[in-house]
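Engineer: In full-length UniProt numbering, the protein residues as written are 1 to 292.
The C-beta atom is built at its ideal place from N, Cα and C for all residues, glycine as well.
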């Protein structure tokens, strides 16, 4: 996913202009399957409990993303943002529904954690890998603590961690075995395996994400909470219009407004004639002499 965010706002400017994320997915036929860097992590929910989620580590993405369904289950507070997601050839593929802060912890090293500001999307990418890879592909790495022990089985991606936290995730050790097409790299979550396999694959997937002024934009999101748009009912709109038309302000500064009626007077019918007749009957009763 190739993403680009642009935003010309300043922290002191309350007005927010639309920003854009450009997302590109490149697919092409090939006889080689490619494993990407996936890992299983714990994410802290609103109650402080840890839930297990699957992550894709993508150094070409300048932003991090999380699935809407994941955020709903975590019940974390989100910040409103106004960002479009565009695909290849500027095709609009969706809209970011918010920004959320994630606390991510390693499955194996409980004292190792990072905090990530992630944009919320309905879906990040298709299941990875897209097909079942033979278990023999990992024989060379059987002594390593793999970050995703099911990395050969197709499964959904819940979170994408980009270049904004890539330096905090990756460690310095790599394992390249001569004659082996896969490479293992150590991370704070364990070892991730990536590269080509000898199995057939229907598509090569290239995921890239980039955006400008990330730190500046995220600072604004957390410092200035945007107000959501309010939708008024027809009755509320009519009430506001009535106030604007009829209000006055006296010499003492007190405001006065005409009493509003819910229904039109035309709907009252001939009630005036009935009221006058009853009033006349009442008055006639008052003028009669009183006898004892």
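1. Taking 6 Å as the limit between beta carbons, can you name the residues of its chain near residue 13, skipping five residues before and five after?
2. Pick helix, strand or coil for residue 41, following the three-state DSSP scheme.
3. Kindly indicate which three-state DSSP category residue 76 falls into: helix, strand or coil?
4. Take residue 197 and list the residues in its own chain whose beta-carbon comes closer than 6 Å to its own, dropping the five residues that flank it on each side.
5. At what residues does the beta strand (DSSP E) containing residue 117 begin and finish?
6. What is the DSSP secondary structure of residue 231, counted as helix, strand or coil?
7. My guess is that residue 171 and residue 187 are in contact by the Cβ rule of under 8 Å, so how many angstroms apart are they, rounded?
8. Nearest-angstrom Cα distance between residue 273 and residue 252?
9. To the nearest angstrom, report how far apart residue 244 and residue 98 are at their CA atoms.
10. Flag residue 119 as yes if its beta-carbon sits less than 8 Å from any beta-carbon of chain B, otherwise no.
11. Short of 8 Å in beta carbon distance, which residues of its chain neighbour residue 275, apart from the five on each side in sequence? Order them along the chain.
12. Nearest-angstrom Cα distance between residue 284 and residue 271?
13. How should residue 5 be labelled, buried or exposed, when 16 other C-beta atoms within 10 angstroms of its C-beta is the threshold for buried?
Structural biologist: Taking the coordinates as given:
1. Because the pLDDT of residue 13 is 38, which lies under 50, any placement of that residue in the model is unreliable, and the number read from its coordinates should be weighed accordingly. Around residue 13: no qualifying Cβ.
2. The answer is strand: DSSP assigns residue 41 an E or B state.
3. The three-state secondary structure of residue 76, taken from DSSP, is coil.
4. 33, 133 and 137
5. 113 to 121
6. When DSSP states are grouped into helix, strand and coil, residue 231 belongs to the coil group.
7. 6 Å
8. 40 Å
9. 36 Å
10. Absence of chain B from the displayed structure is noted, only one protein chain being present.
11. Taking residue 275 as the centre and dropping the five residues before and after it, the same chain places no C-beta closer than 8 Å to its C-beta.
12. 20 Å
13. The pLDDT assigned to residue 5 is 45, lower than 50, so where the model puts this residue is not dependable; a value taken from the coordinates is nonetheless given after this. Buried is the call here.
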